[in-house]
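Structure record follows, encoded as structure tokens.
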Amino acid sequence: MLSPTESESLRDNTCRLLWEAGMKIENERIRSAMLEAGCQQAPSGRIRIPRKLVEQMAARQKKTQEEDRCDQELHLRCGIDWAHHVIWHNKQEEMRRALEGRLLMSAFDCGPTTYYDYANERLVPVDTGVFITAKKFAQATPEIGYTSTWYRHDVPPSTERIDSLVLALKHTDKVDGIEAIDPPLIKYLKEISEIITERPGDSSYLAGSECITSPLILERRSAEDIVERKARGIHRYHVASMPTIGVSTPVTLAGAIVMEAAEILGGMAACFVMDPESDLSGRAIALVADMRNGNSTPSGPEPTLVNLAVRELFDTWWGGHLWVEVFFSPYAKRPGLQAVTENFYGLWRYAKLLGDPSIPYPGMGTLNSGGTGCFVQFMLDMEIRRSQRAMAEKIPVDDETLPIAEICNAVAADRNFLASEHTLAHCRDLWTSPLFLTENPDPARWPGDEKAVLDKCNQLWRENLNNYQPPQWPEEKARSLDDVLARAKRELSVA
Numbered sequence: 036m037l038s039p040t041e042s043e044s045l046r047d048n049t050c051r052l053l054w055e056a057g058m059k060i061e062n063e064r065i066r067s068a069m070l071e072a073g074c075q076q077a078p079s080g081r082i083r084i085p086r087k088l089v090e091q092m093a094a095r096q097k098k099t100q101e102e103d104r105c106d107q108e109l110h111l112r113c114g115i116d117w118a119h120h121v122i123w124h125n126k127q128e129e130m131r132r133a134l135e136g137r138l139l140m141s142a143f144d145c146g147p148t149t150y151y152d153y154a155n156e157r158l159v160p161v162d163t164g165v166f167i168t169a170k171k172f173a174q175a176t177p178e179i180g181y182t183s184t185w186y187r188h189d190v191p192p193s194t195e196r197i198d199s200l201v202l203a204l205k206h207t208d209k210v211d212g213i214e215a216i217d218p219p220l221i222k223y224l225k226e227i228s229e230i231i232t233e234r235p236g237d238s239s240y241l242a243g244s245e246c247i248t249s250p251l252i253l254e255r256r257s258a259e260d261i262v263e264r265k266a267r268g269i270h271r272y273h274v275a276s277m278p279t280i281g282v283s284t285p286v287t288l289a290g291a292i293v294m295e296a297a298e299i300l301g302g303m304a305a306c307f308v309m310d311p312e313s314d315l316s317g318r319a320i321a322l323v324a325d326m327r328n329g330n331s332t333p334s335g336p337e338p339t340l341v342n343l344a345v346r347e348l349f350d351t352w353w354g355g356h357l358w359v360e361v362f363f364s365p366y367a368k369r370p371g372l373q374a375v376t377e378n379f380y381g382l383w384r385y386a387k388l389l390g391d392p393s394i395p396y397p398g399m400g401t402l403n404s405g406g407t408g409c410f411v412q413f414m415l416d417m418e419i420r421r422s423q424r425a426m427a428e429k430i431p432v433d434d435e436t437l438p439i440a441e442i443c444n445a446v447a448a449d450r451n452f453l454a455s456e457h458t459l460a461h462c463r464d465l466w467t468s469p470l471f472l473t474e475n476p477d478p479a480r481w482p483g484d485e486k487a488v489l490d491k492c493n494q495l496w497r498e499n500l501n502n503y504q505p506p507q508w509p510e511e512k513a514r515s516l517d518d519v520l521a522r523a524k525r526e527l528s529v530a
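Heads up, the sequence shown is in the numbering used here, so the first residue is 36 and it goes up one at a time.
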């Protein structure tokens, strides 16, 4: 995407921004550590980050850059959250084989807070009833390999993440790491990880990121998250920037690239200073302002250009380890055509810039920039993924697929092939879809219109629930998980 001259200019100006303006650090321990590492305090109180420190970090990142590049290939088909969990369990090759063998996909990204009730055409907060249904749906749907732990509104916020993870594990074995939200929850997530995996020191059920707030602010929660992870022996940090182009960055692409790159690079430098031997990565999730109304959306071409340009800078100059998902989520508030269009346009932009037409459709049942989950939208997204998978990359040519004698006889006799034994033997090899129909339109209503397709999706997800079987956890593990939750509630003063 970038010429050598452009790449050097963006690199130099990113470093200039980190030094001249600096980063606001809302934690005294991290501020002190950065000053001791050679940073300086600007008159504004921000911490100026020198290029030398960035280069030290980059030198270490380059040692594992190729390994990370290979790992990143997983997220094109798994999504970033699921890919991370696979990596933390060292199951990359196992996952690659599984993806070759059948359709597997993520559901609902990193966790909705609201649910679109299609039958009643309303948006509702996620409560325990919706939450359990979501987990049962994931468990009962064989194509779902991972689902997120949705955020509930009917439990105390101080322990909601722990409470929801334990509840999710009782209904599905397809959940993985979650965001701690509040740093005091980190120790409990580590204990849960050790219980489930039976590996001392494991922390694979702690995911999340050290989020940077624009402009260049490592705010209190993310800073405390870094400090708490290190204190608990969890040497893994994922720094994310989610700026809105035209609001929290300049409206031009070059300016937005420098802002986003500086935010991620500065956050990673802070983690590097605190924990130099840690597993360190970043994530670019730019949005763009709709200047007609001020809304932030991932659906324009600009976020893809900015995110992938930032990744190119990291790959070229700073040791890689910068992750960019195919498409964040549709902005559409309801299931249907707009959501599908946004997903396809996001895919096309990403695939065009990377020159890889094999990347699958990224939809996974989310709406409203990831804040809303919808089972109907997921069934539609899954059917599109299934149709993509049906596209063969090779054509088998052998005696069974090319019965030339039968073909010659049929042609000589002026016969068609519909009722032939060969067709009867292979007709089920042809792709069919429960959603995309070819019946002639009814004069009053076309069975293939958008409403009919969504109604069918609504029927199909409900049918999936009939296949639900709960996961079988050993009683000792189940009791241990309940004990961790009870202790968290007690220690965090939740009645």
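Even glycine gets a Cβ: it sits at the ideal position worked out from N, Cα and C. Note that the coordinates shown come from a computational prediction; the quantities given were computed from them, not determined experimentally.
Residue i: first and last residue of the uninterrupted alpha helix (DSSP H) it sits in
i	result
residue 67	63-71
residue 299	288-309
residue 168	163-175
residue 338	336-352
residue 271	Careful: residue 271 lies outside any alpha helix (DSSP H), inside the beta strand (DSSP E) at 271-276.
residue 200	195-206
residue 121	115-123
residue 134	127-136
residue 416	410-424
residue 497	485-500
residue 458	456-461
residue 446	439-447
Reduced DSSP category for residue i - H, G, I as helix; E, B as strand; rest coil
i	result
residue 530	Low confidence applies here, because residue 530 scores a pLDDT of 47, under 50, leaving its location unreliable and the question unanswered by this model.
residue 358	strand
residue 188	coil
residue 323	strand
residue 381	helix
residue 466	coil
residue 523	helix
residue 329	coil
residue 110	helix
residue 58	strand
residue 512	helix
residue 257	helix
residue 397	coil
Residue from the options whose Cα sits closest to the Cα of residue i
i	options	result
residue 221	262, 55, 166	262
residue 473	488, 130, 460, 461	488
residue 605	281, 286, 457, 157	No information on residue 605 is available, as it lies outside the stretch 36 to 530 that the chain covers here.
residue 290	333, 340, 271, 326	340
residue 49	376, 230, 247, 349	349
residue 396	423, 372, 409	423
residue 155	174, 526, 213, 490	490
residue 270	247, 311, 43	311
residue 56	469, 99, 42, 76	76
residue 166	153, 178, 190	190
residue 14	448, 315, 465, 403	In this structure the chain extends from 36 to 530, so residue 14 is not present and cannot be described.
residue 504	172, 494, 225	172
residue 517	198, 184, 392	198
residue 244	253, 295, 257	257
Check whether residue i and residue j have beta carbons under 9 angstroms apart
i	j	result
residue 382	residue 362	yes
residue 181	residue 210	yes
residue 277	residue 322	yes
residue 114	residue 140	yes
residue 124	residue 313	no
residue 456	residue 110	no
residue 345	residue 357	yes
residue 103	residue 212	no
residue 217	residue 228	no
residue 161	residue 520	no
residue 324	residue 280	yes
residue 120	residue 242	yes
residue 364	residue 333	yes
residue 508	residue 96	no
residue 206	residue 265	no
residue 377	residue 254	no
Residue i, enclosing beta strand (DSSP E) - first and last residue
i	result
residue 47	First-last for residue 47: 39-55, but that is the alpha helix (DSSP H), not the beta strand (DSSP E).
residue 247	245-247
residue 182	179-182
residue 142	140-142
residue 232	No beta strand (DSSP E) contains residue 232, which is instead part of the alpha helix (DSSP H) from 221-232.
residue 86	Residue 86 -> not in any beta strand (DSSP E); alpha helix (DSSP H) instead, spanning 86-97.
residue 217	First-last for residue 217: undefined, no H or E at that position.
residue 157	157-160
If we count Cβ pairs, one from each stretch, closer than 8 angstroms, do we get three or more for the stretch 70-81 versus the stretch 144-152? Touching, no, given that fewer than three Cβ pairs across the two stretches are closer than 8 angstroms.
Could you say if the stretch 300-320 and the stretch 88-96 meet the contact criterion of at least three C-beta pairs nearer than 8 angstroms? With the cut-off at 8 angstroms, the stretch 300-320 and the stretch 88-96 touch.
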